[in-house]
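>
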Amino acid sequence: MTIGFVFLLIFVVVVIWRQIFENKKKQKKLEKTCAGDLVLVTLITPFLATVAAFGLLSWMRYPIYSMQCVTPFLVLGIGVDDAFILIHRWKHRSDVADHSTRLTKVIVDVGPSITITSLTNIIAFGVGFFTPTPQMSLFCLATSLALFIDFVVTYTILAPVVYLCSDKNDYRAALPSKPSGKDFLGRYSHLLCSVNGRLICGVFLIIIYVVSGFGIYKMKSTFEPAKAFPSDSPLVGSLKSIRPIFNTYFPVNIFVNNPPNITDDEQ
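When the sequence shown is numbered by UniProt numbering, its final residue is 267 and no position is left out of the sequence of numbers.
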């Protein structure tokens, strides 16, 4: 998890830095400072949402389990994705001179995408709240609540920071003509929008469903005791030595050929 967080941090810094200094030959000190602020706010807002969610749960006297430590990283992945969409669209709308109008257009453009993604995850984890296991139920509740708060702070904190960190002179007139679309992305987009592209996507989707269904049908429910302990725990090695015993004698199956009538006191 730590390695994944480090890679995510590096990826966020590189992507936002490129977005800020795209098509700029000279990097001013102010722009560098704003890039650092954007990176910081992009990473802080998901953690802020998680802390607020944990605070609300504690205020409502819900216990905090160790499983909920995964919640900040889940919210971070979704929050960073929303930040990328917002910042990229802000740079794309550089043809709007007035920044207030520009922010309005950006929110209109990215609003459906961010809303659908957030609502899908909020509802998915919200359904998990009704599971009978208390630890899993509270984990889903904390994640769902944190995702909702992250959705709110994306528009109330991140969007204003993007507005404030933008150069007032960052204005480029719209292109007089549309791109030719002869590059790789253009050809790929035309393929997806064509009839052949839709057929290919449909066939590929059916194959995925068939393979997934076959895998679920062949899946066997089991429990591996070694997975319940850390990989460096001494118990893992001891469990390996008694694994043959588990395979032979566990679980114990008892067959009763002539079951008695349990309602009869004499039997």
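Ideal Cβ positions, reconstructed from N, Cα and C, are used throughout, including at glycine.
State the start and end residues of the unbroken alpha helix (DSSP H) segment that holds residue 136.
Counting along the chain, the alpha helix (DSSP H) containing residue 136 begins and ends at 134-153.
> Evaluate the contact criterion for the stretch 62-77 versus the stretch 45-52: three or more CB pairs, one atom per stretch, below 8 angstroms.
Touching, yes.
> Work out the CA separation of residue 264 and residue 210 for me, nearest whole Å.
Cα to Cα, the separation comes out at about 51 angstroms.
> From residue 29 to residue 115, what distance separates their C-alpha atoms?
Unreliable placement is indicated for residue 29, whose pLDDT of 44 sits below 50; the coordinate value is still reported in the next sentence. Going by the C-alpha atoms only, they are around 35 angstroms apart.
> Apply the 10 Å Cβ neighbour rule to residue 82 and answer buried if 16 or more other Cβ atoms are within range, or exposed otherwise.
Buried: at least 16 other Cβ atoms inside 10 Å.
> Is the distance from the Cβ of residue 144 to the Cβ of residue 157 below 9 angstroms?
No, the pair does not count as a contact, with Cβ atoms beyond the cut-off.
> What's the C-alpha gap between residue 36 and residue 45?
When rounded, the distance between both Cα atoms is 14 angstroms.
> What is the residue span of the alpha helix (DSSP H) that residue 216 lies within?
Element bounds for residue 216: 195-218.
> Residue 183 and residue 78: beta carbons closer than 9 angstroms?
Against a cut-off of 9 angstroms, the Cβ pair of residue 78 and residue 183 comes out as no contact.
> Quick one, are the C-beta atoms of residue 54 and residue 142 less than 9 angstroms apart?
Going by C-beta atoms, residue 54 is nearer than 9 angstroms to residue 142.
> Under a three-way DSSP split, which group does residue 163 fall into?
Looking at residue 163 - three-state DSSP - the assignment turns out to be helix.
> What does the Cβ neighbour count give for residue 185, buried or exposed, with the cut at 16 atoms within 10 Å?
Exposed, because fewer than 16 other Cβ atoms sit within 10 Å of the Cβ of residue 185.
> Does DSSP put residue 256 in a helix, a strand or coil?
Coil, per DSSP.
> Exposed or buried, what is residue 87 when buried is set at 16 or more other beta-carbons lying within 10 Å of its beta-carbon?
Label assigned to residue 87: buried.
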